[in-house]
Amino acid sequence: MTKNNSSRTLVNLLGIPSLLAIIYLGDSYSNIPVFSVFIGIVLYLGALEIAPLSKMKNGQPVISVLLLFLALLQIGRIPGINWEIPIHILIIGLTLTAMAMEIFRKKETPLLNISILVFSFVWLGLMLGSLSELRNLPDIGFKITLALFLSVWICDTGAFFFGKKFGKKKILPDVSPKKTWVGTIAGFICSVIFLLILNQFGYFPELFTLIDVLALGIIAGLFGQFGDWAESLLKREAGVKDTSNILAGHGGILDRFDSLTFAAPITLIYCTYFIKTG
9 MTKNNSSRTL VNLLGIPSLL AIIYLGDSYS NIPVFSVFIG IVLYLGALEI
59 APLSKMKNGQ PVISVLLLFL ALLQIGRIPG INWEIPIHIL IIGLTLTAMA
109 MEIFRKKETP LLNISILVFS FVWLGLMLGS LSELRNLPDI GFKITLALFL
159 SVWICDTGAF FFGKKFGKKK ILPDVSPKKT WVGTIAGFIC SVIFLLILNQ
209 FGYFPELFTL IDVLALGIIA GLFGQFGDWA ESLLKREAGV KDTSNILAGH
259 GGILDRFDSL TFAAPITLIY CTYFIKTG
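This is the structure:
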């Protein structure tokens, strides 16, 4: 076994059980917001990975500004915190602060720097950070969050296995050269089938219909892969393979959570508007 494979195995052995435990504990264990704090750490580390990607294209965003507004957003998501700041105020505040700093910094790429900060706030804070809101949904938060993580993993695994074994025609050669049509379709099908199997064993609450389960499988299988492609697009633009090496053998935080950047908020939207909870 190579050193890289050994590192991957160690990260899996420690990381997967820890993540499952964090999802289970949520934000109500002994009044400690375990899950939201964890997502806050993910957002913090993800934001730190933005800076080196930006520098590849001569961007020089003030990451500390991004970290401040991500913290304000994430703290407001913790149950029991009564000073949640409206999203539009945070976005306006971030844009105003970023513009003011660029005026006085006198850098050569002000538009790029401001755009990176605002985009990163939306991509990380609003989209990936929506996992906190998903986990805190009444009655269904734990099961939906766990099902989302598992179905995205199943999709990735199915896409990798079938794509490597049977895939020939590339689906997005200019964005993600290793992704194939066979792998993409197989990953999508695996995600849907996995949730249908869970439903067959009574995993989902009674308020979930078969249509709801299918919808969640489609969201995970389709938008999970879209999130992967989106991050690959950014990495390809920056000319890097991984966003960092913080997770030995797995790349960076953004490399591990990219599949959830679109799947999580769309799952939250579906559950909020189409499934009635307590």
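This note's numbering applies: residue 9 is where the sequence shown begins, and numbers increase by one. Glycine is no exception: its CB is placed at the ideal position from the N, C-alpha and C atoms.
Check: Give a yes or no on whether the C-beta atoms belonging to L51 and G137 are separated by under 7 Å.; Outcome: yes
Check: Confirm, please, whether the CB-CB distance from Q82 to G34 is below 7 Å.; Outcome: no
Check: With a 10 Å radius around its C-beta and 16 neighbouring C-beta atoms as the bar for buried, classify R113 as buried or exposed.; Outcome: exposed
Check: Using the beta-carbon count (16 or more within 10 Å), is F209 buried or exposed?; Outcome: exposed
Check: Are the beta-carbon atoms belonging to G247 and M64 less than 7 Å from one another?; Outcome: yes
Check: Report the partner residues of G259 according to the DSSP bridge assignment.; Outcome: L255
Check: With respect to the alpha helix (DSSP H) encompassing N121, which residues constitute its N-terminal and C-terminal limits?; Outcome: 118-128
Check: Look up T105 in the DSSP assignment and say whether it is helix, strand or coil.; Outcome: helix
Check: Roughly how many whole angstroms lie between the Cα atoms of L224 and V200?; Outcome: 8 Å
Check: Does G88 pass the burial test, meaning 16 or more other C-beta atoms within 10 Å, or should it be called exposed?; Outcome: exposed
Check: Who pairs with T188 in a beta bridge, going by DSSP?; Outcome: K178
Check: For I261 and W161, what's the separation of their Cα atoms in angstroms?; Outcome: 15 Å
Check: As an exercise, report each continuous alpha helix (DSSP H) stretch of at least 4 residues that is fully enclosed by the region 26-72, in chain order.; Outcome: 42-63
Check: Need the endpoints of the alpha helix (DSSP H) that K243 sits in, please.; Outcome: 218-246
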